[in-house]
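In terms of full-length UniProt numbering, the sequence shown opens at residue 1 and continues consecutively.
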Amino acid sequence: MAITIPTTSETAAEIVRDVCGGALADIDTLAGTITRRVNKELPELGGDAETVAVTFTSTHQNLEVLLARLREGRATDDVQPPAAAAAYTREYARRGVGLPLLLRKYRIGQEEFQREITDRLLVSTASAELRLEALVEIQRHTHVYIDRISDAIARIYAEERARWVRSSEAMRSDIVHALLAGEPVDIADAESRLGHALDRPQLAFVVWSDAGESAALRAALEHAAHELTQRAATTDVLAIPLGRRLLAGWIGGEAAGVAPAILQSRALQVAAGSGVRAAIGTAGHGPGGFRSSHAEALHARRVATLMERRPGTVTSYEGVALAALMTQDLDHARAFVARELGGLAGTDDTTVRLAATLRVFLEEGKSPVRTARRLGIHQNTVVYRVKQAAELLGRDPDVRSVETQVALALTRVVGAPV
Numbered sequence: 001m002a003i004t005i006p007t008t009s010e011t012a013a014e015i016v017r018d019v020c021g022g023a024l025a026d027i028d029t030l031a032g033t034i035t036r037r038v039n040k041e042l043p044e045l046g047g048d049a050e051t052v053a054v055t056f057t058s059t060h061q062n063l064e065v066l067l068a069r070l071r072e073g074r075a076t077d078d079v080q081p082p083a084a085a086a087a088y089t090r091e092y093a094r095r096g097v098g099l100p101l102l103l104r105k106y107r108i109g110q111e112e113f114q115r116e117i118t119d120r121l122l123v124s125t126a127s128a129e130l131r132l133e134a135l136v137e138i139q140r141h142t143h144v145y146i147d148r149i150s151d152a153i154a155r156i157y158a159e160e161r162a163r164w165v166r167s168s169e170a171m172r173s174d175i176v177h178a179l180l181a182g183e184p185v186d187i188a189d190a191e192s193r194l195g196h197a198l199d200r201p202q203l204a205f206v207v208w209s210d211a212g213e214s215a216a217l218r219a220a221l222e223h224a225a226h227e228l229t230q231r232a233a234t235t236d237v238l239a240i241p242l243g244r245r246l247l248a249g250w251i252g253g254e255a256a257g258v259a260p261a262i263l264q265s266r267a268l269q270v271a272a273g274s275g276v277r278a279a280i281g282t283a284g285h286g287p288g289g290f291r292s293s294h295a296e297a298l299h300a301r302r303v304a305t306l307m308e309r310r311p312g313t314v315t316s317y318e319g320v321a322l323a324a325l326m327t328q329d330l331d332h333a334r335a336f337v338a339r340e341l342g343g344l345a346g347t348d349d350t351t352v353r354l355a356a357t358l359r360v361f362l363e364e365g366k367s368p369v370r371t372a373r374r375l376g377i378h379q380n381t382v383v384y385r386v387k388q389a390a391e392l393l394g395r396d397p398d399v400r401s402v403e404t405q406v407a408l409a410l411t412r413v414v415g416a417p418v
């Protein structure tokens, strides 16, 4: 049964309602602040886009519950973890992330929450005594909330970890993670447990989605993986989830030599709204190739995400290797584009068209004829556009031509510099 928060004055209770109501209205900003700090201070939890999104959702739901209860004057000693927080905990239990790291996330959230509340109270027009009274009440019930949630999270973690450790998929996942980490592995035992021979060519792929998690999404990921292996004309494949929205796979043996063009021959047949895309590495041999090809597939995935490629797209590392290399440090890449292109890095339609023309012109060996044929325009138009592009560039394209070509290629990946 809900218990009214005991404050010594109704005025202080009104301040609690106002302050928490204001924080609830700005909940997205606060959840984002907490997520960024968690990502910075706890890199062991993972900093990929999927992990950040899950952290944000879990944080958002916890804030909704806590702020709503404080605003409504309801107790915080009977709470249970929101759905996203429970799912978040189970996922990390399956990954083997230590419970203390997860609980540290809640303490970080508590610190940022209290900082936000304190800042809001400082600008209140109420007396110092009333503001202090309101702050004490909020802090007291926040401590109770965090303690109750932490206890529940610990129980969920222990139950899920015990179940996961017993499961065969967990065993397979642990072996794959060990292989990818370069840890010593008994190859014969690993092959037996995975049902996949390792001492031969390996071609890695990943299929993923940024859409919300669901059983339907898992099925969509598996369907996309199956479609890729059909294109390779093989059933010799190992596929295993590496997250709720990411499935990794390896094609083994002769089929690993399939040409990327075959796997990219057409868009994958993906369900509407699933947002499923795929990326492939290049073939390597043995456990080392298993690992390196997967790393390349992840790099291709990163570039595909930066380029906002459409659902159903298959991106090969071979086709984006330079972009992958140049965007390891995204801020550095954008600064490079700004420095090399100057005015030609603009985002208006005219500038984008001029930059595209100059890029093709340089790729075609500065041939107006070949450039015109490739773009479907008159060669005089090519000459005119190249002249205009050079003016925006501030130099002859022959000067630092390699840097110019790389910067022009990068604009399609990183966008215009901020």
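Note that the Cβ used here is the ideal one computed from N, Cα and C, for glycine as well.
For residue 385, the enclosing alpha helix (DSSP H) covers residues 379-393. As computed with DSSP, residue 252 is found in a beta bridge with 202.
When secondary structure is reduced to three states using DSSP, residue 285 falls in the strand class. DSSP places residue 148 inside the alpha helix (DSSP H), whose first and last residues are 128-166.
Only residues of its own chain outside the window of five on either side were considered, and among them 61, 62, 65 have a CB closer than 7 Å to the CB of residue 82, listed in chain order.
The continuous stretches of beta strand (DSSP E) do not include residue 124, and DSSP gives it neither H nor E. Between the alpha carbons of residue 293 and residue 205 lies a gap of roughly 8 Å. About 6 Å separates the Cβ atoms of residue 326 and residue 410, confirming a contact at the 8 Å cut-off. A straight line joining the alpha-carbon of residue 330 with that of residue 114 spans about 33 Å. Put simply, the backbone Cα of residue 310 is about 27 Å away from that of residue 290.
With a beta-carbon spacing of about 4 Å, residue 58 and residue 88 fall inside the 8 Å limit used to define contacts. In the structure shown, the three-state DSSP call for residue 265 is coil. The stretch 237-252 makes contact with the stretch 181-197, as at least three CB pairs between them are under 8 Å. In the DSSP annotation of this structure, the continuous segment of the alpha helix (DSSP H) that includes residue 32 starts and ends at 27-41.
Taken atom to atom, the span from the alpha-carbon of residue 296 to that of residue 73 is near 53 Å. Residue 243 sits in a strand when the DSSP states are folded into three classes. Rounded to whole angstroms, residue 11 and residue 130 show a C-alpha spacing of 7 Å.
Out of 22, 322, 408, 166, the CA that lies nearest to the CA of residue 344 is found in 408. Counting only residues of its own chain and dropping the five nearest sequence neighbours on each side, residue 405 has a CB closer than 6 Å to the CB of 362.
When the beta-carbon positions are compared, residue 371 and residue 360 come within less than 8 Å of each other.
Per the C-alpha coordinates, the member of 84, 45, 25 positioned closest to residue 117 is 25. The C-alpha of residue 181 is placed about 20 Å away from the C-alpha of residue 101. With a contact defined as Cβ atoms closer than 8 Å, residue 221 and residue 263 miss out at about 16 Å. Excluding the 5 residues flanking it on each side, residue 97 has same chain C-beta neighbours closer than 8 Å at 44, 45, in chain order. The three-state secondary structure of residue 399, taken from DSSP, is coil.
Residue 314 has 278 as its beta-bridge partners, per DSSP. Along the stretch 74-125, the alpha helix (DSSP H) occurs as fully enclosed runs of 4 or more residues at 83-95, 99-122, listed in sequence order. It is roughly 26 Å from the alpha-carbon of residue 394 to the alpha-carbon of residue 374. Looking at the DSSP output, residue 238 shares a beta bridge with 250. The three-state reading of DSSP puts residue 207 in strand, counting E and B together.
Cβ-Cβ separation between residue 379 and residue 397: approximately 17 Å, too far for a contact (criterion under 8 Å). Under the 10 Å beta carbon count, residue 266 is surrounded by fewer than 16 other beta carbons and is classified as exposed.
A direct Cα-to-Cα measurement between residue 111 and residue 38 gives close to 11 Å. Residues 34, 37, 38, 41 of the same chain have their beta carbon placed closer than 7 Å to that of residue 108, with the five preceding and five following residues left out of the count.
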